[in-house]
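Chains as they are written, first to last, in my numbering: chain A, 13 to 549; chain B, 31 to 133; chain C, 22 to 333; chain D, 372 to 572.
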């Protein structure tokens with residue numbers, strides 16, 4: 013401990029150092045977490061604003077606010093930015109960075125330099141995105157060939173930006189896997205790990221092993237456009253469906269890259285505010301790994317209408333139903349955790365409960381899409397749009413907001429206004445449902461997605477959805493203002509405002525630069541709430 | 031940390047002799063695969079070539095890359111990507127070649 | 022407003038069966054979870070700061086129950102969905118063939134009887150139809166919500182889809198796979214005709230008279246064609262630029278071509294542009310327009326020209 | 372874990388043994404991603420080979436089998452010297468290790484030169500990546516591999532200089548081992564590329 017002797021008894025919060033260089037050159041996982049948090053939040057707001065423009069266009073059936081091409085560009089940007097720049101790095105990179113070392117009792121991640129390098133690579137990807145905006149692509153975030161190979165918009169730069177981001181994702185995943193294996197504090201056995209760590213681990217494996225495939229796929233698309241390679245071009249003997257196979261081999265697991273960390277967050281919030289041990293720890297932990305594994309096996313369920321054979325459809329539909337099981341197990345266990353608890357409806361807890369509610373809808377509507385006959389009717393309609401947003405916003409983003417409110421005091425050492433936070437939650441929750449619930453009906457009625465203009469029969473539901481988007485935006489605005497003003501003028505946060513047992517709460521807020529003065533000796537799991545005499549039930 | 035601390039003392043250092051043997055095997059296999067490629071076994075051509083290549087790859091991984099002496103986690107992460115690659119190829123194959131061909 | 026488009030094909034009711042069963046099961050689970058969530062959140066709400074809670078870490082029987090029951094239900098749903106899907110995928114042997122070609126951004130239909138239509142599909146009630154489909158350019162998806170059928174249309178490879186229309190009427194055809202700027206106007210209609218009406222459509226009226234000739238004045242007929250044959254996907258009438266040049270005020274004006282030459286937009290120029298679109302490309306636009314030769318009759322081309330003349 | 376090593380410039384949160392095993396695990400994870408990166412190309416190869424066996428057979432005859440075989444031998448030999456270099460440094464023999472690394476680098480350069488001649492020959496015959504699916508695969512697979520060779524050479528060059536400067540010894544030699552792992556992977560991928568492209572077609 014020789015080199016730590018200076019730090020003894022002198023508490024220096026990690027936020028203390030100021031200046032641009034101290035941020036951009038930092039190797040402190042907590043600061044890198046903030047860098048990601050700020051970046052992804054920015055992209056979330058930008059892509060969200062684009063979504064508002066799109067919804068505004070869709071207020072009326074005609075293409076009157078923007079022309080169809082512009083609309084196509086807007087949904088491409090909305091999708092690409094939300095997916096690749098916000099939600100894939102998302103919780104995993106921001107809260108993952110902040111929490112993993114704290115929760116497992118380490119001073120940092122395994123490779124701190126690689127960690128900041130990943131962030132620089134992320135920045136490089138965003139820089140390329142900015143250039144791509146000069147002649148923005150209109151392919152949709154899925155870049156389906158042959159349209160993406162033939163459109164005269166700039167697909168190459170956008171896909172190259174995404175390709176670069178892939179490396180950031182891979183290196184982050186790699187770092188977290190090694191960290192979880194090698195850096196756990198003494199006594200922090202696998203079955204004592206917080207569930208967020210299990211979730212992050214499963215996510216990291218997906219990031220590591222799925223991302224290279226989309227990397228090469230996008231590279232092939234780039235060579236298709238630049239070198240005249242014809243893997244996806246039927247005129248040259250290629251196969252446009254091959255692109256879909258490759259693309260979804262990544263992009264289906266990517267859905268779980270987005271959602272699993274949020275599931276981890278929920279598993280942390282619920283026990284703390286119920287003051288109960290998490291119900292079915294092992295079931296939740298292993299279901300994360302199970303979901304991660306099965307997610308590699310279901311990709312072609314995005315292709316049921318593309319003319320795949322009955323055999324392939326049968327295999328993939330069956331595997332798709334399998335993935336629903338570990339997901340359902342998690343929902344049941346979270347709900348059961350509440351039983352006989354002492355439930356405090358803190359704003360973070362409200363987001364967690366909102367998550368369960370919305371994610372249940374998202375999950376159940378996924379069953380519709382997994383069932384072959386039903387999928388034929390619903391595929392590529394607004395039903396899919398609604399389902400996806402219930403999972404991605406209702407799931408991931410609610411988890412993200414929950415995490416923001418939950419760990420805010422620890423991360424920044426300040427408190428936000430709890431009442432305002434609850435009001436914001438209300439608008440977000442209501443606005444979200446008003447926006448997306450009507451879209452299920454639109455989809456069942458046959459309204460296809462990615463339509464710049466639409467038949468008049470859909471107008472009333474489309475308009476309702478647009479009004480909902482305003483409520484949602486208003487809620488997010490309140491939340492943003494509340495959280496930012498908390499940073500400026502919030503009260504000082506105590507060490508452990510919720511009496512959590514998790515390691516990250518057993519230190520000053522914000523944590524000191526090196527996290528722990530002494531690496532703790534862990535003797536129990538994180539969820540030892542409640543009175544133990546009723547151990548056997 | 032006790033469970034996975036790594037002690038330098040027990041580390042296996044492969045001798046030059048072992049390396050030379052592995053190298054000789056690799057060279058022999060290379061000669062075989064080139065030689066065999068002039069004979070036509072029909073559909074077996076690919077199978078034979080890939081079989082030989084896989085033996086060579088295994089030799090490189092096990093000895094040159096010391097996989098033989100690594101812990102189970104390394105094995106898992108060395109083999110899992112291969113499983114996924116197998117999955118990608120077979121499932122894409124299933125899709126591509128079971129599609130109904132309409133005249 | 023209805024829940025779901027009215028059932029208009031033999032397959033639709035079967036798909037609705039699947040949808041219905043899943044909806045009911047989903048609702049049960051959804052209401053169950055929501056109810057428990059709300060009851061727990063209210064009943065166990067924290068009243069004092071130091072309430073005692075029991076140390077419950079899980080329950081294996083419960084774990085097994087809520088793994089096994091959903092698994093069984095899910096597998097049942099899988100089987101149900103697959104059985105219906107299998108039927109949707111296998112056309113009966115007596116189905117009549119119609120070839121569909123998707124291109125940016127219209128549908129053409131080639132019938133077994135040698136007829137050819139654009140964006141308007143004509144089928145006979147209760148006669149099974151097999152659509153053999155291909156794309157000229159990018160991916161499209163042929164979707165008739167009323168029939169609950171959908172199939173991506175691929176370039177370079179034929180795909181098929183079948184249905185038996187059961188209800189007389191007109192139903193929407195959508196392109197469901199994003200295909201570029203005009204994606205949202207790649208719309209068609211399927212007209213399900215009674216056997217008698219279909220016979221008239223196919224052979225003309227008894228007595229050798231041709232198809233009912235439109236009695237509209239040329240400009241109005243032209244407007245009808247403009248909307249129905251997909252011209253509006255690419256050509257605006259208000260001066261805004263879509264994929265192709267706007268029709269507004271184009272007649273009689275001088276147009277600059279891609280090779281720099283200039284030409285006056287008279288009747289012959291417009292006629293050529295409709296029948297042989299690649300011959301003269303207006304500067305700043307892509308040569309993407311399909312030929313309407315064989316799709317529009319001379320009379321109809323004349324009507325379109327008459328309509329364009331009215332767009333000052 | 373409590374007595375964190377004091378001699379590490381950046382990772383003083385880790386003791387040397389953990390740092391060593393972490394780095395190696397990290398490298399293996401990275402190699403896994405490399406396999407999947409090439410995996411897309413291997414999958415494309417499998418699909419198109421099954422679809423166009425005649426085209427693959429006819430066009431693969433255009434490739435120079437002798438040059439391919441020479442390059443295979445060169446790479447396998449470089450793998451041998453790399454592995455020996457790792458053993459040498461673990462026995463503390465800095466000079467020997469440096470020599471082995473240098474031989475490895477030279478082999479890598481020879482590989483690149485041979486490949487250069489192969490590519491030039493193809494271009495002279497007007498064979499480009501867009502000539503056919505087979506040649507697309509040929510150029511993309513060997514090209515991506517070539518990029519990896521270059522990256523490997525750059526890494527080895529740095530490692531060589533550091534070895535000469537005496538930065539590595541029997542106790543601390545992680546970079547050499549990691550560089551070696553990367554180089555072996557480059558070899559390993561070529562072991563598959565060679566028969567797929569040059570031999571069976």
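Positions of the beta carbon are idealized from the N, C-alpha and C atoms, including for glycine. Note that this is a predicted model, so its numbers are computed, not measured.
beta-carbon residue i near the ligand SAH non-hydrogen atom, thresh 7 Å
| i | result |
| --- | --- |
| residue 263 (chain C) | This structure lacks the ligand SAH, and indeed carries no ligand of any kind. |
For residue i, the three-state DSSP class (helix, strand or coil)
| i | result |
| --- | --- |
| residue 118 (chain C) | strand |
| residue 310 (chain C) | coil |
| residue 250 (chain C) | coil |
| residue 156 (chain C) | strand |
| residue 425 (chain D) | helix |
| residue 241 (chain A) | coil |
| residue 212 (chain C) | strand |
| residue 301 (chain C) | coil |
| residue 170 (chain C) | strand |
| residue 366 (chain A) | helix |
| residue 165 (chain C) | strand |
| residue 482 (chain A) | helix |
| residue 219 (chain A) | helix |
| residue 26 (chain C) | coil |
Under 7 Å from the C-beta of residue i: neighbouring residues of chain F
| i | result |
| --- | --- |
| residue 51 (chain B) | Among the protein chains of the structure shown, namely A, B, C and D, there is no chain F. |
Cβ distance (whole Å) where residue i is taken to contact residue j below 8 Å
| i | j | result |
| --- | --- | --- |
| residue 272 (chain A) | residue 196 (chain A) | The Cβ separation is near 20 Å, so there is no contact. |
| residue 446 (chain A) | residue 402 (chain A) | That pair is no contact at about 13 Å. |
| residue 556 (chain D) | residue 408 (chain D) | That pair is no contact at about 11 Å. |
| residue 32 (chain C) | residue 169 (chain C) | 6 Å |
| residue 259 (chain A) | residue 226 (chain A) | 7 Å |
| residue 438 (chain A) | residue 355 (chain A) | The Cβ separation is near 18 Å, so there is no contact. |
| residue 434 (chain A) | residue 353 (chain A) | In fact, because the Cβ distance is near 19 Å, the residues do not count as touching under 8 Å. |
| residue 386 (chain A) | residue 36 (chain C) | 7 Å |
| residue 464 (chain A) | residue 80 (chain A) | 4 Å |
| residue 550 (chain D) | residue 530 (chain D) | 5 Å |
| residue 404 (chain D) | residue 224 (chain A) | 4 Å |
| residue 443 (chain A) | residue 490 (chain A) | Not confirmed; about 11 Å, so no contact. |
| residue 434 (chain D) | residue 568 (chain D) | 6 Å |
Classification of residue i by the beta-carbon crowding that lies within 10 angstroms, buried from 16 upward
| i | result |
| --- | --- |
| residue 320 (chain A) | buried |
| residue 497 (chain D) | exposed |
| residue 264 (chain A) | buried |
| residue 307 (chain A) | buried |
| residue 242 (chain A) | buried |
Using a Cβ cut-off of 7 Å, which residues of the region 178-203 of chain C contact any Cβ in chain B, in chain order?
179, 180 and 181
Chain D contacts made by the region 111-130 of chain B, where a contact means CB separation under 8 Å:
111, 112, 114, 115, 118, 119, 122, 123, 126 and 127
What residues from the region 109-124 of chain C come within 9 Å of chain A, judged by C-beta to C-beta, listed N to C?
109, 110 and 111
Inspect the CB distances between the region 515-523 of chain D and the region 476-494 of chain D and report whether three or more fall short of 8 Å.
yes
If contact means a Cβ-Cβ distance below 7 Å, which residues of the region 59-81 of chain C contact chain A?
61, 62, 65, 66, 67, 72, 73, 74, 75, 76, 77, 78, 79 and 80
Pairing CB atoms from the region 154-166 of chain C with CB atoms from the region 195-204 of chain C, are three or more of them under 8 Å?
yes
Going along the region 388-413 of chain D in order, which residues come within less than 8 Å of chain B, judged by CB to CB distance?
388, 389, 391, 392, 395, 396, 399, 400, 402, 403, 404, 406, 407, 410, 411 and 413
Against chain B, which members of the region 452-468 of chain D pass a CB distance test of less than 7 Å?
454, 455, 458, 461 and 462
Chain C contacts from the region 439-461 of chain A (Cβ-Cβ distance under 9 Å)
453, 456, 457, 458, 459, 460 and 461
Is the region 208-221 of chain A touching the region 181-196 of chain A, taking contact as three or more C-beta pairs under 8 Å?
yes
In chain order, what residues of the region 93-112 of chain B put their CB closer than 9 Å to some CB of chain A?
103, 107, 110 and 111
Interface positions of the region 135-161 of chain C facing chain B (Cβ-Cβ less than 7 Å), listed along the chain:
153
Output, in sequence order along the chain, the residues in the region 440-452 of chain D whose CB is closer than 7 Å to any CB in chain B.
440, 443, 444, 447, 450 and 451
Interface residues of the region 295-316 of chain A facing chain C [CB-CB below 9 Å]:
295, 315 and 316
Quick one: which residues of the region 415-439 of chain D get their C-beta closer than 9 Å to a C-beta of chain A? List them in chain order.
415, 418, 419, 422, 423 and 426
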